[in-house]
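**Student:**
Numbering (the working numbering), first residue to last: 128 to 606.
1. Alpha carbons only, please: which of 206, 558, 429 is nearest the one belonging to residue 243?
2. Can you list, in chain order, the residues of its chain with a C-beta nearer than 6 Å to that of residue 105? Leave out the 5 residues immediately preceding and following it.
3. Can you give me the C-alpha to C-alpha distance between residue 534 and residue 376, rounded to a whole angstrom?
4. Quick one, are the C-beta atoms of residue 557 and residue 592 less than 7 Å apart?
5. Can you give me the C-alpha to C-alpha distance between residue 422 and residue 399, rounded to a whole angstrom?
6. Is residue 462 buried or exposed, if buried means 16 or more other CB atoms sit within 10 Å of its CB?
7. Does residue 321 come out as helix, strand or coil in the three-state DSSP assignment?
8. Drop a sphere of 10 angstroms on the beta-carbon of residue 495, count the other beta-carbons inside from all chains shown, and report buried for 16 or more, exposed for fewer.
9. Are at least three pairs of beta-carbons, each pair with one atom in the region 181-188 and one in the region 493-510, less than 8 Å apart?
10. How long is the line joining the alpha carbons of residue 384 and residue 344, rounded to whole angstroms?
11. Is the CB-CB distance between residue 238 and residue 272 below 7 Å?
12. Taking the runs of the alpha helix (DSSP H) that are 4 residues or longer, which of them lie wholly in the region 234-312?
13. Can you say whether residue 555 is buried or exposed, counting buried as having 16 or more other CB atoms within 10 angstroms of its CB?
14. Measuring only the C-alpha atoms, how far is residue 324 from residue 349?
15. Along the chain, where does the alpha helix (DSSP H) that runs through residue 456 open and close?
16. According to DSSP, is residue 208 part of a helix, a strand, or is it coil?
17. Please classify residue 547: does DSSP put it in a helix, a strand, or coil?
18. Are the CB atoms of residue 456 and residue 279 within a distance shorter than 7 Å?
19. For the alpha helix (DSSP H) holding residue 524, just list the boundary residues, first then last.
20. Would you decide whether residue 288 is buried or exposed? Buried here means 16 or more other CB atoms lie within 10 Å of its CB.
21. Where does residue 554 fall in DSSP's three states?
22. Mapping the DSSP letters down to three states, classify residue 327 as helix, strand or coil.
23. Sorted by chain position, which residues of the same chain lie with C-beta nearer than 8 Å to residue 560's C-beta, five sequence neighbours on each side aside?
24. Going by DSSP, what residue range makes up the alpha helix (DSSP H) through residue 500?
25. Please decide whether residue 182 counts as near chain C, where near means a Cβ-Cβ distance under 7 Å.
26. Name the two residues that bound the continuous alpha helix (DSSP H) containing residue 178.
27. Does the distance from the CB of residue 603 to the CB of residue 518 come in under 7 Å?
28. Report the rounded CA-to-CA distance for residue 587 versus residue 595, giving the unit in angstroms.
29. Which residue wins for smallest C-alpha separation from residue 167, given the options 342, 245, 527?
30. Give a yes or no on whether the C-beta atoms belonging to residue 394 and residue 320 are separated by under 7 Å.
31. Can you name the start and end residues of the alpha helix (DSSP H) that residue 361 belongs to?
32. To the nearest angstrom, how far is the alpha carbon of residue 250 from that of residue 159?
33. Less than 7 Å between the C-beta atoms of residue 313 and residue 452, yes or no?
34. Express the C-alpha separation of residue 439 and residue 600 in angstroms, rounding to a whole number.
35. Considering only the beta carbon of each residue, do residue 300 and residue 419 sit closer than 7 Å?
36. Using 8 Å as the Cβ pair cut-off and three pairs as the minimum, do the region 210-220 and the region 481-496 touch?
Okay, structure coming up:
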């Protein structure tokens, strides 16, 4: 079977940017930002994008383009047939299925709110309206509508489906966001929202650094779609003439820019109406924005349709990238036709979406805890693979198509992804896991020596990385 490729570089970049713009930037980003100190979270998040996200994207691109396969086939083939690495790739595919399950439910919320904006259905009491539609059988029904649209696009394939759809969606999203931002800035009180979002609060960051860090890392992984195999799969359709450093940097910049645009819209809008986005959890955007629109009468209905339709397009661009991963796995590894693979995986996701739509606690587990645990773990594994299994082969793949500047940064990049970034990612994972399990952050006494819990966690991350490096090191490793 002839493997599909991206027809244009623009198509690949827009598809990659669209893979998490919707739910990553417009829905989850304001939620995480408001719950973690506003501008303090933004500053840390941007640092992680630059220092971890871009090198991580490059690692995923190297694995994907060199293997021309999905995460399972990529890790197994590039490791010489290792079943263990194949199993790790399968974990990434399963993680994607879990994530797209809750994606689908949120996509259904956007479908419902777009329709409700036409009639003003949520105007009377936005909070009560969300509470009546967020979970339950009707929520599952709207999730199925969203899933059906996703499956149709994925069934169309890379060029005819995903590339064509995202070429239309991404420019439309940016245009509508800018138009809504221009209107929001005319509202009284909107500047307070800008201050909350953009004015660095270094004191808050210093005081709450370890609390903010796991959320910022999880959000960066989520918004760049690294750690689940999405970018491995997308890069597997790339030609050798493409510059991976250029593509990774462009995607990170564009994706982050859309996230900042979303913040420039959401926070000034909420502050101008005296609303608190951080109080409503996953439904905060729906309740807060709906409350704002409900005060504007007929004009509010028009704005509601535009806003929720724009985010619906962005959410759709996210879901098609996620569904493509398990579909590519079945096509590559199980010799399924694209149509059959799409149907099977849509059915599996429908089951996961049903569980999330019917149980709020399961939804929260998927949308918050699993994102902040599984995605950094996945990226740490991918980068250890790049540095210590591929090693010099990864460097040659990185340099193929790269310009002089990109090639000059190749060796430092390989060293960086092989040691410091895995340590950092494992540190955040262990910290979040301990917090989730309710383990105390009090100082620890080790052999009579008292050390801060963060120091102990960092030591554990270093030890785990060293063990992994010693077990993986090969003649072609980074050093």
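Heads up, the beta-carbon is just placed ideally off N, CA and C, and yes, glycines get one too. The structure presented is a predicted model; accordingly, all values stated were derived computationally and were not measured.
**Tutor:** According to the structure shown:
1. 429
2. With the chain covering 128 to 606 only, the question about residue 105 has no answer from this structure.
3. 14 Å
4. no
5. 12 Å
6. exposed
7. helix
8. buried
9. yes
10. 17 Å
11. yes
12. 253-260, 264-282, 291-311
13. buried
14. 20 Å
15. 424-460
16. coil
17. helix
18. no
19. 519-526
20. Residue placement at residue 288 is flagged as unreliable, the pLDDT there being 47, under the threshold of 50; a coordinate-derived value is accordingly withheld.
21. helix
22. coil
23. 500
24. 498-512
25. Of the chains in the structure shown, none is chain C; there is only one protein chain.
26. No alpha helix (DSSP H) holds residue 178; DSSP gives it neither H nor E.
27. yes
28. 12 Å
29. 342
30. yes
31. 357-362
32. 26 Å
33. no
34. 45 Å
35. no
36. no
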